[in-house]
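**Student:** The structure that follows is given in the form of structure tokens.
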Amino acid sequence: MTAPSPDPAPGRPPSRHALRLRLLGPLLLLAAGGAASAVAGLWIAAARRPEGMPLEPLVIVAAVAGFGTLALGAILALRFEDRVVRPLVLLAAEMRARAHGTVDTPLDPGQGEGLGEIGPAAAALCARLAAARDEAGRIAEEATARLTEERAQLSAILSAIPVGIMALGPDGRVLLYDRQSVDLLGDVAPLGLGRPVTDYFAGPAIEAARRVLAAGSRFTDAELPTADGRRRLRTRLRPIGREGGLLLAMETDGETVSERPLVFDFDLLREEEMAQDIAAMPLARLPCVVFDTETTGLSPESDEIVQIGAVRIINGRRVEGERFETLVDPGRPIPPASTRIHGIDDAAVAGAPDPQEAVRDFCRFAEGAVLVAHNAPFDLAFLRRHARAAGLELGHGVLDTVLLSAAVYGPGVPHTLDAIAERLGVPIDPALRHRALGDAMVTAEVLLRLLPILEAAGITTFGQAVEAMRRHQGLLPDMNR
1 MTAPSPDPAP
11 GRPPSRHALR
21 LRLLGPLLLL
31 AAGGAASAVA
41 GLWIAAARRP
51 EGMPLEPLVI
61 VAAVAGFGTL
71 ALGAILALRF
81 EDRVVRPLVL
91 LAAEMRARAH
101 GTVDTPLDPG
111 QGEGLGEIGP
121 AAAALCARLA
131 AARDEAGRIA
141 EEATARLTEE
151 RAQLSAILSA
161 IPVGIMALGP
171 DGRVLLYDRQ
181 SVDLLGDVAP
191 LGLGRPVTDY
201 FAGPAIEAAR
211 RVLAAGSRFT
221 DAELPTADGR
231 RRLRTRLRPI
241 GREGGLLLAM
251 ETDGETVSER
261 PLVFDFDLLR
271 EEEMAQDIAA
281 MPLARLPCVV
291 FDTETTGLSP
301 ESDEIVQIGA
311 VRIINGRRVE
321 GERFETLVDP
331 GRPIPPASTR
341 IHGIDDAAVA
351 GAPDPQEAVR
361 DFCRFAEGAV
371 LVAHNAPFDL
381 AFLRRHARAA
391 GLELGHGVLD
401 TVLLSAAVYG
411 PGVPHTLDAI
421 AERLGVPIDP
431 ALRHRALGDA
441 MVTAEVLLRL
451 LPILEAAGIT
461 TFGQAVEAMR
471 RHQGLLPDMN
481 R
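Note that the UniProt record's numbering has the sequence shown beginning at 1, numbered continuously upward.
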């Protein structure tokens with residue numbers, strides 16, 4: 001026996017379609033009732049008309065009354081949609097952004113124009129919430145300032161020691177690495193949290209060290225071959241934790257080039273590896289690579305890439321030390337009109353990698369991650385063309401901030417990157433706008449501010465996000481098919 005559908009769970013709002021049905025349904029029902037009454041009146045009048053009286057005048061009167069009622073109902077419904085339903089939907093989205101997200105810009109009291117006192121009341125409520133949040137944030141900031149300073153000092157000290165440090169979880173994924181590790185292994189594969197150690201070292205050598213430590217040794221010294229087989233690194237391995245983690249200390253020559261700080265995320269210890277089917281994976285746990293491209297023009301078929309920029313998101317935060325940026329030589333002159341937008345000219349890309357090489361490097365950086373972009377079909381069309389030529393795959397799936405914004409705010413408002421950033425209170429540095437890395441960083445911040453709002457709307461997993469984006473395919477094509 002199937003149970004009746006329950007009301008939406010607390011905190012999960014009804015869908016926009018349900019809201020429209022509740023608000024517009026009575027108007028449409030009234031119009032339909034008026035038309036039905038006209039038909040019923042015609043039937044009664046026809047049955048009782050005097051003998052010899054023509055039926056045509058009665059039909060005309062009933063038709064005019066019926067269609068007039070339907071037309072009036074439709075006009076009222078459209079007017080109600082424009083003046084009440086849409087402002088309510090947008091006002092709800094704006095309030096949700098402030099209640100569940102990190103948006104702290106004041107709510108415009110005129111946002112609910114036509115809704116009477118609802119708009120000003122909502123603005124006042126959001127202002128009180130912002131004031132309370134600011135006070136709580138101030139107290140928390142004071143309480144954690146010393147801890148943050150001590151953590152930064154410890155990171156600086158550890159990063160200055162001439163030993164490359166890498167910590168691994170029980171599953172062999174990277175939990176921590178320092179700048180010396182970047183110098184030692186950065187040419188083998190891009191260093192990244194959550195990546196398997198076999199991206200950097202030969203798997204059999206790591207397993208052999210694990211067996212020695214499992215036999216009871218406190219540490220073991222080994223010359224670990226890198227994954228590309230080109231070098232061996234003298235390394236001391238120690239067990240950490242109770243579940244089989246490892247700490248690798250690699251000898252260096254004392255010369256540190258990288259400026260990347262100590263990078264770590266021990267929350268990965270509580271994470272499982274990304275399942276083959278990621279539909280059920282929570283959005284807040286998705287490993288994401290947020291990227292952007294700059295090109296010679298707007299045609300993916302005839303134009304070419306001139307720059308790629310990307311950042312990584314792990315466990316709902318952007319990893320400061322992990323970014324990808326490269327200029328690309330398109331193999332053709334860059335039109336002056338394009339240079340005026342992104343500032344990249346022929347001299348800037350001279351000697352840069354060609355598109356296929358740049359996309360190959362990007363694929364290594366993005367391996368195992370969900371790809372995120374603003375207007376993803378445009379950027380992916382360029383990347384996939386070169387990835388296919390190189391026999392490479394791009395990511396586990398795609399999130400598009402245009403469609404995620406539409407899922408939150410509805411299709412009736414602008415969804416440009418600048419418009420979304422303004423709604424969510426994301427600052428944009430004009431000097432970095434239309435630069436691939438700068439736009440990728442803004443898009444990443446937009447995504448992070450959208451996530452709690454999406455969760456409040458009941459969109460908590462990757463699969464639910466894909467379904468929400470598909471409901472707005474009229475804006476952009478679906479890139480997850």
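Don't be surprised by glycine CBs; every beta carbon is placed ideally from N, CA and C.
Note that this is a predicted model, so its numbers are computed, not measured.
Which partner residues of residue 323 appear in the DSSP bridge assignment?
**Tutor:** Beta-bridge pairing links residue 323 to 311.
**Student:** Residue 249 and residue 226: beta carbons closer than 8 Å?
**Tutor:** In this structure, residue 226 does not lie closer than 8 Å to residue 249 by Cβ.
**Student:** If you count every other CB in all the chains shown that lies within 10 Å of the CB of residue 421, and 16 or more means buried, which is it?
**Tutor:** Per the 10 Å Cβ criterion, buried.
**Student:** In whole angstroms, what separates the C-alpha of residue 257 from that of residue 178?
**Tutor:** Confidence in residue 257 is poor, its pLDDT being 49 and thus under 50, which makes the residue's placement unreliable; the coordinate value appears in the next sentence. Using only the alpha carbons, I get a separation of about 12 Å.
**Student:** Using a Cβ-Cβ cutoff of less than 6 Å, which residues in the same chain neighbour residue 221 once the five nearest sequence positions on both sides are dropped?
**Tutor:** Excluding positions up to five away in sequence, the list reads 236.
**Student:** Can you tell me whether DSSP reads residue 281 as helix, strand or coil?
**Tutor:** Residue 281: coil per DSSP, three-state reduction.
**Student:** Residue 193: which of 358, 368, 452, 33 sits nearest, CA to CA?
**Tutor:** Nearest C-alpha to residue 193: 368.
**Student:** Let's see if you can read the secondary structure: which residues bound the alpha helix (DSSP H) around residue 467?
**Tutor:** Per DSSP, residue 467 belongs to the alpha helix (DSSP H) from 462-470.
**Student:** Report all residues from its chain with a CB closer than 8 Å to the CB of residue 51; omit the five preceding and five following residues, and keep chain order.
**Tutor:** Nothing listed; no residue qualifies.
**Student:** Evaluate residue 479 with the Cβ neighbour count: other Cβ atoms within 10 Å of its Cβ, from every protein chain shown; 16 or more gives buried, anything less gives exposed.
**Tutor:** By the neighbour-count rule (16 or more Cβ atoms within 10 Å), residue 479 is buried.
**Student:** Is DSSP giving residue 455 helix, strand or coil here?
**Tutor:** Note: residue 455 maps to helix in three-state DSSP.
**Student:** Between which two residues does the beta strand (DSSP E) carrying residue 251 extend?
**Tutor:** Note, residue 251: beta strand (DSSP E), 245-251.
**Student:** Can you tell me whether DSSP reads residue 485 as helix, strand or coil?
**Tutor:** Residue 485 is absent from the structure shown; the chain starts at 1 and stops at 481.
**Student:** Taking its Cβ as the centre, do 16 or more other Cβ atoms sit within 10 Å of residue 144, making it buried, or is it exposed?
**Tutor:** Flag for residue 144 reads exposed.
**Student:** Write down every uninterrupted run of the beta strand (DSSP E) in the stretch 400-430 whose length is 3 residues or greater and which is fully enclosed by it, in chain order.
**Tutor:** Listed in chain order, there is nothing to give.
**Student:** For the 8 Å Cβ check, are there 3 or more pairs between the stretch 119-129 and the stretch 88-102?
**Tutor:** Short answer: they touch.
**Student:** Contact check, residue 352 vs residue 408 under 8 Å by CB: the rounded distance?
**Tutor:** Between residue 408 and residue 352 the Cβ distance is about 38 Å, and since that is not below 8 Å, they are no contact.
**Student:** Output the distance between the C-alpha atoms of residue 243 and residue 205, rounded to the nearest integer angstrom.
**Tutor:** So the two alpha carbons sit approximately 19 Å from each other.
**Student:** What is the DSSP secondary structure of residue 317, counted as helix, strand or coil?
**Tutor:** Residue 317 falls in the strand class under three-state DSSP.
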